[in-house]
Amino acid sequence: MTLRYIVAGCLLSLGLSAQAQPSTTFGFEYQPAAKVVHGTDTLRHAWAGGMNTPQFSNIDLNADGQQDLFAFDRESSRSYTFLNVANGTDRQWQYAPQYESLFPDGLYGWVLLRDYDCDGRPDLFTNSNGDIRVFRNVVGAGGLPSFTLASNQLRFAIGVSDSNIAVGGYNMPALQDVNGDGKLDILTYDFSSSRVMELYLNTSSGTCGGALTFRQETNYWGNISSCSSCATYQPQGESQCVVYQRPSHTPGHNVLLLDLDGDGDQDLLDGLDNCPELVRLMNQGNATAASLQGAGISASYPAANPIRVNTFPAGYSVDTNFDGRADLVVAPNMLDNRADLVSMRNAVRLYDNTAASGAPAFTYRANGFLQNDMIDVSEAAAPTFGDISGDGLPDMLIGNLADKVNGTYRASLTYYQNVGTRTQPIFKLITEDYLGLSATEYWGIKPVLVDLNRDGALDLVFSAWYQQSGHFFLLLNTATGSQPAAYNLAALSTFVGRGPAGSGILPYYRYDRPCFTDVDNDGYVDLLIGTNEIREPGMSLRYFRNLGLSTLANTFELVNNDFGQIRDVGNRPVNLSPVVADFDGDGLPDLVTSDYSGTLRFFGNYRNQSGSFVERTDMLYNSVTGQLVASRFGNAGQHINTSLAAADLNHDSKPELFVGMEAGGIISYTTRNRIPTTTQSETASALALSVYPNPASTIATIETAMPTRLTLLDLTGRTLRHDAATQRRHSLDLSGLAAGMYLVRAEAENGQLAVQRLVVK
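Heads up: the sequence shown is residues -20 to -1, 1 to 741, going by mature numbering (1 follows the signal peptide of the UniProt record, and there is no 0).
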């Protein structure tokens, strides 16, 4: 059988590192890996990582005088930055992650940008254990934003004393000028019951609110109470709650103030936990004495296309279409989806403001905002790459945590076929339910395409949570020649690990992450597992050796239950995901991991390490600062999932790194400064490794100055050919190999190594 094109056998900290590395050091840099097409639409932000619960604010990021965009995803505590850039005579949004590190580390709950000191630069307000923390936006290098802590806890005066302004952990306040004096005020539901709204007026002296001093104007703003059901309120004077829509929920509100009728006072848009509608409450009072009465309440606003999201809507007033008028964006704002179990696809709604002036006129835009232009599989994307269609180009499969399918929350596989060329990949969406796996109630599918039975065809392995246990499932590819992959669900089998009594069982915890790679360099792919398993002895990364048995179900035997002794500040990393490839270009495989902390860890030439592996975390190049910094993938707790993969999609001999994100999308990175070390160059010179002809088509001859063993690898570090005979001259059979770049590695008895690239034509 012809060997299919195989690009990856493995699935792939928060804040800046203590000491940033110079830009000449090896690292990764964000770069869109390929065009991605849905139907006739090309996704503009395909590789931005998806969105689930974004909160939006405008800000000028690059000091060009244009209003750019900042977003903060509540579920994953991840920041996003988008530039407002020219597109011919128009303008468009461009994902620009290099500005994300300008924002403070450790943000969580909610983040809103508002200018409190009237200097024209929006400052940062955020949650702080239920209180409000403020960072002032000062001019940084090059005129870029720079945030310094202004207050760790906003307070308000009570007589001669003061107290903290308590928002609570689930409410998101409105930070706006409520009474029309030009100063930034605070409106929030009370933190204890989330039933009544409290107004804190800014009492700072002068015409601006820069001192951030407040008094509580009222603890019954609008003379109205929220009841315990969706769109249900009790205006002052009513004897009971009035139901404007449907029941029922738990407390928590997102509030946005807007002058919806142009009468000079602030009206209210109110989103309630576990409810889909953003309720409109018209202010029938004035700017200083609000009155919200039943006649002005509507759960069907705007009338033509009422606002509905999956759950707990929040509204944001931002200019999305560059016309200088604030539009209305609405998105879910729950802490996570573990209780709601709703679909997070296409969750962001957009209402364009079509009014030329005065009161806004909101018109629904069906395609939503930003999220619709990203790869998004709902939650916890897990990518893998390989030739499924049989055309010699790497395709993409993406697993997910789950999505709402026919009323049931379950996982599936999304299939993108590569319809581009060898150097310019284009991924076209084929199906969001490859193989019909959603018919079975799997959760947390993590797929890997890998040739396990050594027949030259890519088999499909996936881990999943099923019937209250974790499993590793195997589907052998029964296709022949260069035909499309053929997987028979009726022949689905599971792996059973081998090991000493009481240990060595393959981890069976929720959302284990498999990675297939040749750890011991014997020509067989072994198994690395990132796991949270605690019922069996071991830590987060476990190594199972492939014994080469004909029965694949039990060919993997435990070798090390704490491989690499990887730790996160001394603790066990949760939700660890591994990937292996020769990223730095020295011809030797590297190990990269990610985990719930948002930390990307790089372990160079891991085969040459033992005990506790030496790591680097300053791995991402920032073009704004010119430094390598640590990743910032989110830090919202142990439910955060990332999954890694590697592939050389454009045949430039440099594997890309892919990070499947909690928010359902994928971020792609290219490598920088792939420079072999001096020691490796000297070793190669000593062995005098010679490969000819190069390029070659059927046979290549390998010669060295001393007897060596020979290994042929693809660019992800996977072994394709192995000759254990120690000799000075080898004849390497290239039949069945797809055209492309490979690595020839020669190893002498004394451990000396030499690597050279070989082009197969």
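Cβ coordinates follow ideal geometry from the N, Cα and C atoms, glycine included.
With DSSP as the reference, identify every bridge partner of residue i, one or two as the case may be.
i: glutamine 220; result: Glutamine 220 pairs with nothing; no bridge assigned.
i: threonine 394; result: Ile378
i: serine 462; result: In DSSP, serine 462 forms no bridge with anything.
i: methionine 177; result: Tyr169
i: tyrosine 649; result: Tyr10, Leu637
i: proline 215; result: Ile204
i: asparagine 263; result: Leu272
i: tyrosine 60; result: Ala51
i: leucine 690; result: Asp703, Ala726
i: residue 743; result: Residue 743 lies beyond the residue range present for the chain, which begins at -20 and ends at 741; the question has no answer from this structure.
i: alanine 341; result: The partner list for alanine 341 (beta bridge, DSSP) is empty, contrary to what the question assumes.
i: glycine 295; result: Val310
i: valine 16; result: Phe407
i: histidine 710; result: Ile682
i: aspartate 320; result: Bridge partners of aspartate 320: none, in fact.
i: isoleucine 514; result: BP columns for isoleucine 514 are empty, so no partner.
i: tryptophan 73; result: Asn64
i: alanine 533; result: Bridge partners of alanine 533: none, in fact.
i: isoleucine 509; result: Pro494, Arg522
i: glutamine 35; result: Phe52
If I follow the unbroken beta strand (DSSP E) through residue i, where does it start and stop?
i: alanine 728; result: 720 to 728
i: leucine 432; result: Taken as a continuous stretch (DSSP letters only), leucine 432 belongs to no beta strand (DSSP E), as it is neither H nor E.
i: tryptophan 445; result: 439 to 446
i: arginine 654; result: That residue, arginine 654, is in no beta strand (DSSP E); it is neither H nor E in DSSP.
i: cysteine 495; result: 493 to 497
i: serine 143; result: 141 to 144
i: asparagine 285; result: It is not in any beta strand (DSSP E) - asparagine 285 carries neither H nor E in the DSSP assignment.
i: asparagine 526; result: 521 to 526
i: tryptophan 27; result: It is not in any beta strand (DSSP E) - tryptophan 27 carries neither H nor E in the DSSP assignment.
i: glutamate 197; result: 194 to 198
i: tyrosine 601; result: 598 to 602
i: valine 735; result: 733 to 740
i: isoleucine 138; result: 135 to 138
Between the Cα of residue i and those of the options, spot the shortest distance and give me the residue it belongs to.
i: serine 520; options: Asn555, Tyr296, Val235, Ser711; result: Asn555
i: aspartate 320; options: Leu164, Lys384, Tyr281, Ala294; result: Lys384
i: tyrosine 504; options: Gly614, Leu693, Thr474; result: Leu693
i: alanine 51; options: Ser37, Ile145, Gly644; result: Ser37
i: asparagine 285; options: Asn266, Gly528, Tyr344, Asp598; result: Tyr344
i: alanine 154; options: Thr183, Gly366, Asp70, Trp201; result: Trp201
i: leucine 350; options: Thr193, Arg325, Met152; result: Arg325
i: valine 298; options: Gln35, Gly100, Tyr576; result: Gln35
i: serine 205; options: Ser219, Pro84, Tyr488; result: Ser219
i: aspartate 367; options: Ala13, Arg652, Ala627; result: Ala627
i: aspartate 564; options: Gly591, Pro405, Phe536, Arg596; result: Arg596
i: methionine 152; options: Ser184, Gly110, Leu393, Ser530; result: Gly110
i: glycine 374; options: Ser392, Tyr422, Asn541, Thr401; result: Inspection of the sequence shows that residue 374 is occupied by proline rather than by glycine. Measuring from the Cα of proline 374, the nearest candidate turns out to be Thr401.
i: aspartate 241; options: Pro256, Met262, His233; result: Met262
Within 7 Å: the Cβ of residue i and any heavy atom of the ligand MG?
i: proline 363; result: Inclusion of the ligand MG in the displayed structure is not the case, the ligand content being empty and no account of it being possible.
Using 8 Å as the threshold, is the C-beta distance between residue i and residue j below it?
i: leucine 455; j: tyrosine 467; result: yes
i: lysine 426; j: phenylalanine 407; result: no
i: residue 742; j: proline 282; result: Residue numbering for the chain in the displayed model covers -20 to 741; residue 742 lies beyond these limits and cannot be assessed.
i: leucine 695; j: aspartate 703; result: no
i: arginine 260; j: leucine 249; result: yes
i: phenylalanine 8; j: leucine 629; result: no
i: arginine 708; j: threonine 684; result: yes
i: leucine 164; j: tyrosine 96; result: yes
i: alanine 444; j: asparagine 457; result: no
i: threonine 210; j: leucine 252; result: The identity of residue 210 in the sequence shown is cysteine, whereas the question assumes threonine. Result yes, Cβ atoms of cysteine 210 and leucine 252 sit closer than 8 Å.
i: threonine 22; j: methionine 314; result: no
i: alanine 327; j: valine 289; result: yes
i: valine 740; j: proline 675; result: yes
i: leucine 49; j: tryptophan 73; result: yes
i: asparagine 203; j: proline 215; result: yes
i: tyrosine 396; j: methionine 376; result: yes
i: threonine 699; j: threonine 688; result: no
i: glycine 584; j: serine 462; result: no
i: leucine 571; j: proline 553; result: no
i: aspartate 492; j: glycine 477; result: no
3-residue-minimum beta strand (DSSP E) runs that sit fully inside the stretch 94 to 130, ordered along the chain: 103 to 108, 111 to 119
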